[in-house]
Every structure is written in C-alpha cells, then in structure tokens.
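Its first residue numbered 51, the sequence shown is counted upward by one per residue in this note's numbering. All C-beta atoms in this analysis are idealised placements derived from N, C-alpha and C, irrespective of residue type, glycine included. Predicted, not measured: the structure shown is a model, and the values here were computed from it. What follows is a short report on a single structure.
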Amino acid sequence: MNAAPAPSPVLRIGNASGFYGDRFDALREMLTGGPLDVLTGDYLAELTMLILGRSRLKDPQKGYATTFLRQLEEGLGLAHERGVKIVANAGGLNPAGLADAVRQLADKVGVPVTVAHVEGDSLPVPDGFLTANAYLGGSGIAACLRAGADVVVTGRVTDAALVTGPAAAHFGWGPDDLDALAGAVVAGHVLECGTQATGGNHAFFGDHDPARLRRPGFPLAEIHADGSSVITKHDGTGGVVDLSTVTAQLLYETGGARYAGPDVTARLDTVRLTPDGPDRVRIDGVRGEAPPPTLKAGLTRLGGWRNEVVFVLTGLGIEAKADLVKDQFADALERGGARPPAEVRWELARTDHADADTEERASALLRLVVRDQDADAVGRTVSGAAIELALGSYPGFHVTAPPGKGAPYGVFEARPVPAVEVEHIAVLPDGTREVVKSPTRTQELAEAEEPSLPDPYPSGPTRRAPLGLIAGARSGDKGGDANVGVWVRDDDAWRWLAHELSVERFKELLPETADVTIVRHVLPNLRALNFTVHGLLGEGVAAQARFDPQAKALGEWLRSRWLPIPIALLEGIDAPEVTA
C-alpha cells in the first residue's frame with residue numbers, strides 16, 4: 051500500500067468576506083486572482099445573528115446568509131476548476147438548510163462538489179431571547195475537510211476557526227499542537243475582517259498613494275506546518291500589507307495578552323511581525339496555551355423600541371435654539387398626557403462654522419433619541435410632539451427626515467457555557483454525523499502578568515500636537531464594551547507612548563470615558579497598548595445607544611486629541627501649529 055502523500059508545506063488560505071454585506075465580487079476576485087487552497091468567508095457579526103433571527107421568524111427555512119448562495123452561482127465552478135475548498139460561516143442559524151441549498155445549486159449549475167456542514171452551536175433559547183449560540187472551534191471544520199468536503203458551511207464558530215480548521219486538517223494537527231493552533235488563530239484574526247488587513251480603515255492611509263487604496267484586495271495567509279504564516283494578497287490587487295496594517299488588525303476587538311478560543315488560547319504578547327518582501331508580513335513566535343473549559347455563548351433579544359429625530363439648527367444662537375426646542379418638546383409631551391419615554395437623550399453636534407459660506411456649514415445638528423419597552427411610547431407620541439413644533443419653535447426649524455413610528459432595537463449578551471455541554475457535530479458529505487470531542491486539556495483563563503515597560507523616553511522640549519501624528523489606532527466593539535488599540539512604529543515612540551498613555555491620560559483625552567472602567571493591556575512586541583472600555587456602548591451595537599454604536603471611530607477621536615509630544619519624535623512630520 052502506498053503511503054499518503056505528504057501535505058504541501060504551505061497552505062494558502064484566503065478571505066472573501068468580513069461581514070454580511072461585504073463586497074459581493076470578492077469571492078470571484080479571490081478565486082481568479084492567484085493561487086489558493088482554501089477560501090473562507092466570515093458573515094456573522096454579533097448584530098447579524100439578531101438579523102438572521104428575525105429573518106427566521108418570517109421563514110423557518112431561512113436564517114442563513116443568502117448572499118453567499120448568490121456568490122456561489124459562479125464561484126462553485128471556479129473553485130472546482132482550481133481545486134479550492136470553500137469554508138464559510140454563512141450558515142448562521144441554519145447551517146443544514148444552507149448545506150442543502152448549496153447542493154441544490156451545485157446540481158443546478160452542474161458542478162460536482164461535495165458539501166458538509168457543522169452544527170451544534172445552537173443552544174436552548176432562554177425565555178425572552180431570540181437566539182442563543184455557542185462559539186465553536188475549528189475541529190468540526192477539520193473533520194469535514196478530512197472526509198473530503200469541497201464546501202463546508204457552519205453556524206456560529208469563532209472567526210479564527212475558519213482558518214484553524216483547514217490548517218489542522220491539512221497539517222494533521224491535534225488538540226495538543228497548541229503553538230501551531232495559536233499561530234493559525236493569529237493568522238485567522240488578521241484575515242477575518244477582509245480588507246482591514248490590506249489598508250482598509252487604516253490610521254496611516256495618508257502615507258500611501260490613494261490609487262492603491264481605492265479598491266484594496268482581500269488578504270490571504272500562507273500557513274506553515276509550525277503555525278507560522280505570511281500575510282499577503284494576490285499580486286496586482288490594490289491595498290497595502292505592511293507591519294502597520296497587520297498590527298492594526300491584530301489589535302482589533304482583542305484585549306489582553308491571552309486571546310482565548312475554543313481550540314487554544316493564543317498569547318498575543320508572543321506574536322512576532324517581520325517584513326517578508328513587498329506586501330508580505332511574516333507572523334511567527336506565537337505561543338499557545340490550553341483553551342478555557344468554557345465556550346462563549348452569544349444571546350440576542352429584542353430590547354425594546356427606539357425613535358430618533360434630528361433637528362437642524364442654523365446660524366446664530368445655536369445653544370439657545372437647542373434649549374428652546376428641548377423645553378418645547380418636554381412641554382408638548384406633558385400636555386399630551388402620555389407617559390414620556392423611559393429614556394430621552396439629546397446630543398448637540400456643533401458642526402456649524404461662523405460666517406459660513408454654505409448653509410450646511412452654518413448648521414448644527416441636535417439629535418433626540420428615545421427608548422422604551424412600549425412601542426407607543428416612542429411612536430406617534432414622540433413624532434407628533436416633535437413635528438408639531440414646526441411653525442412655533444426656533445427660527446429656521448427643520449429636521450433631517452420626517453420622524454417615524456419607531457423601530458425595535460436589539461441587545462446582544464455574552465455568557466460562558468461549559469464546553470462539555472455543547473454537542474459539536476460535523477455532518478460529513480455522506481451524511482454521517484461525527485461528534486467532535488471537546489479538548490480534554492483546558493486551562494482557566496487568567497490575566498497575564500503585565501510585562502515590564504521600556505525605559506522612559508528622555509525628558510526634553512515638547513509641543514502640543516495630535517497623538518495621531520505618531521500613533522495609529524483601531525477601535526471596535528464587543529457587546530457593550532469598546533476596545534481601542536494604539537500602536538507606534540519605532541522604539542523611541544514606544545518608550546514615550548508606554549509611559550504617557552495611561553488610563554488616566556486616556557480618560558482625560560476622551561472625557562466621554564471618564565466614568566467607566568478601563569483596563570490597559572501592554573503588548574511590547576507590537577509596540578502597542580490595548581484599552582478595553584467597559585460599558586461605553588450600553589447594550590451593544592443593536593441597541594444603537596451611542597452616536598458611534600460600534601466604536602469604529604473611537605480610536606480616530608483619540609488620535610485627533612492634542613497633548614504634549616517630545617519635539618524630537620515629531621521631526622520630519624508635518625505637524626499643525628497650535629491655533630489657541
């Protein structure tokens with residue numbers, strides 16, 4: 051009997067989707083743009099599960115990302131011709147339904163592919179909730195690929211599982227290959243948000259030719275048997291892959307040194323990044339620890355009802371106009387006899403400019419947001435009270451859009467669930483249901499010891515300037531918490547940042563965070579600090595409690611803030627003058 055051929059020393063895994071709604075033609079671009087072994091797609095954000103839950107209420111046969119099916123109408127044939135496996139979490143709440151739909155599509159377009167799926171993430175839904183799903187690891191995906199699947203669709207798995215599963219199947223990793231798995235987790239985290247790794251949403255975008263960033267290519271990782279990887283993109287595609295773009299994505303929606311998942315806990319403080327040529331960054335040195343004994347479970351529910359009205363205030367007396375309309379609105383609610391909404395929030399955005407040359411530049415926006423468990427309390431009562439002011443309020447009264455009847459909002463909650471209580475199942479191409487065992491070796495998650503800081507930057511003359519002249523940042527959300535990763539690009543700037551940007555300084559620069567708990571994590575290998583801002587986002591993105599409900603621009607706000615920066619660090623930088 052002939053021995054099985056040795057696996058290829060490099061596994062090329064690409065990404066074609068960072069969220070449900072990402073660039074539609076990315077799947078085709080990745081399949082035709084260069085060599086690949088596996089193409090992944092991430093379709094499930096926390097908010098997406100709520101959207102799919104509401105979709106399934108209307109049609110129990112749905113609950114998956116229908117866009118994925120439309121992409122496969124052409125993509126199945128292209129992948130088959132090129133020998134590329136496809137792995138996606140587009141199954142959402144109904145991976146079995148999506149797997150059946152893919153088989154029907156394959157028959158329709160005449161492409162002989164084998165399809166498998168992973169299930170078991172669906173948990174009993176507590177009263178009052180719409181969905182409940184555990185975040186599974188990559189072992190089920192690996193089982194499906196080992197059984198010969200060409201297409202694997204899953205429900206709720208971790209984003210990195212889309213990479214760890216194929217890598218484990220290809221290289222034969224087992225649950226004790228912790229360092230290799232951890233390396234794949236890091237690569238998977240870099241890939242998961244698509245073009246955010248290739249220059250999209252990047253703090254230092256101004257350093258590059260705008261033509262390169264017009265249409266960034268999607269990223270891919272060249273995975274090696276030891277778990278190390280090179281992050282790159284197809285030749286000839288737009289975008290940039292460099293130390294800064296990869297660092298930014300590593301910090302996105304992470305926290306401290308221990309990045310826990312179902313397969314392994316990756317130590318982010320061991321990650322080493324080095325240039326490996328144009329648009330190539332090597333990741334190695336990643337150490338892994340046993341995963342925790344619990345899985346993260348995400349639960350969604352309808353949280354209540356909300357309504358919004360944005361008043362436009364133009365010209366002189368902006369503050370007085372805002373005070374007038376707020377007083378009139380409160381009076382109108384009281385006179386109407388209806389119970390006021392449980393939550394009433396006003397926010398005045400001073401977008402106006404003195405002596406402006408256009409009406410829009412002369413205007414500020416006053417935003418009213420109301421919430422309540424009762425739809426009636428935020429519906430006609432609110433919209434009527436707002437619009438009836440139209441002829442009797444401040445001069446120039448108008449709103450950006452007619453107020454409506456209100457809309458439901460959602461809430462996401464994360465809870466731990468013992469991994470042994472979750473039945474992780476790989477449904478193989480022949481229909482066999484293989485139960486995937488939980489790791490027997492686990493380790494309770496604990497904060498890593500804080501590393502020692504570098505020597506302080508020498509004291510000397512400083513100049514007030516925006517932090518973003520020398521530091522990049524990327525921010526995002528995890529439920530009601532925000533995270534802000536901040537990094538610099540040389541050792542001197544790191545010596546200054548590590549000592550200057552304390553939690554106290556962070557709160558001073560971002561006064562909105564003054565009353566919440568903030569935890570700072572130090573990652574010297576990345577020359578980075580990662581801040582977890584607890585509770586800033588209320589009940590999470592679906593609740594839309596904040597102007598920027600996913601904290602996407604929180605890091606850019608931080609970069610825009612001025613503080614004393616050593617003049618030596620600003621040499622060669624076009625720093626704005628202080629304008630008093």
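- Judged by beta-carbon spacing, Gly64 lies beyond the 7 Å limit of Leu94, meaning their Cβ atoms are not closer than that value.
- The Cβ-Cβ distance between Ala316 and Ala232 falls below 7 Å.
- Asp209 and Leu619 have their C-alpha atoms some 37 Å from each other.
- Runs of the alpha helix (DSSP H) lying entirely within the segment 421–486, each at least 4 residues long, are 425–428, 430–437 in chain order.
- Here the alpha carbon of Thr401 sits roughly 17 Å from the alpha carbon of Asp373.
- In this structure, Leu186 and Asp171 form a Cβ contact; the two beta carbons are roughly 5 Å apart against a cut-off of 8 Å.
- Contact between the segment 404–412 and the segment 333–349 is absent, with fewer than three C-beta pairs closer than 8 Å.
- Taking 7 Å as the cut-off, the beta carbon of Leu126 is found closer than this to the beta carbon of Ala156.
- Between the alpha carbons of Gly526 and Phe581 lies a gap of roughly 11 Å.
- Here DSSP, grouped into helix, strand and coil, assigns Leu363 to strand.
- By the neighbour-count criterion, in which 16 or more other beta carbons inside 10 Å mark a residue as buried, Val485 falls on the exposed side.
- Under the 8 Å Cβ criterion, the segment 247–265 does not count as touching the segment 74–92, having fewer than three qualifying pairs.
- Two segments are said to touch when three or more pairs of C-beta atoms, one from each, lie closer than 8 Å; by this definition the segment 148–165 does not touch the segment 216–225.
- Within the DSSP bridge table, the entry for Glu79 names no partner.
- A distance below 7 Å separates the beta carbons of Tyr114 and Gly147.
- Following the DSSP letters along the chain, one finds Gly103 in no beta strand (DSSP E) but inside the alpha helix (DSSP H) bounded by residues 96–108.
- Nearest Cα to Gly510 within the set Ala451, Asp541, Pro614, Ile191: Pro614.
- Residue nearest to Pro506 within the set Glu550, Glu500, Arg539, Ala464 is Glu550 (criterion: CA-CA distance).
- Judged by pairs of C-beta atoms under 8 Å, the segment 411–418 does not touch the segment 340–351, as fewer than three such pairs exist.
- Residue pairing of Gly535 in beta bridges, as defined by DSSP: Arg524, Asn580.
- Apart from the 5 residues on each side of it in sequence, Asp480 sits with its Cβ closer than 8 Å to the Cβ of Ala197 in its chain, given in chain order.
- Every unbroken stretch of the alpha helix (DSSP H) spanning 4 or more residues and falling wholly within the segment 176–259 is given here in chain order: 189–196, 211–221, 228–241.
- Excluding five sequence positions before and after Gly305, the CB atoms of its chain that fall closer than 7 Å to its own CB belong to Asn533, His571, Asn580, Thr582, given in chain order.
- One alpha carbon belongs to Thr563, the other to Thr512, and they sit about 26 Å apart.
- Under DSSP, Asp334 shares a beta bridge with Arg322.
- Rounded to whole angstroms, the separation of the alpha carbons of Thr490 and Ala548 is 38 Å.
- Per DSSP, the continuous alpha helix (DSSP H) segment holding Val553 begins and ends at 553–559.
- When the Cα atoms are used, Asp542 and Trp612 turn out to be separated by approximately 19 Å.
- If you look at Arg385, you'll find it in the alpha helix (DSSP H) that goes 368–386.
- Residue environment for Pro110: exposed (fewer than 16 other C-beta atoms within 10 angstroms of its C-beta).
- For His130, the enclosing alpha helix (DSSP H) stretches over residues 116–132.
- Secondary-structure assignment with DSSP links Arg514 through a beta bridge to Pro614.
- Cβ-Cβ distances below 7 Å link Ser443 to Leu374, Val375, Gln378 in the same chain, with the five nearest sequence neighbours on each side left out; the list follows chain order.
- Taking a 10 Å sphere around the C-beta of Ser552, we find fewer than 16 other C-beta atoms and assign the residue as exposed.
- Within the DSSP secondary-structure output, Val165 pairs in a beta bridge with Val201.
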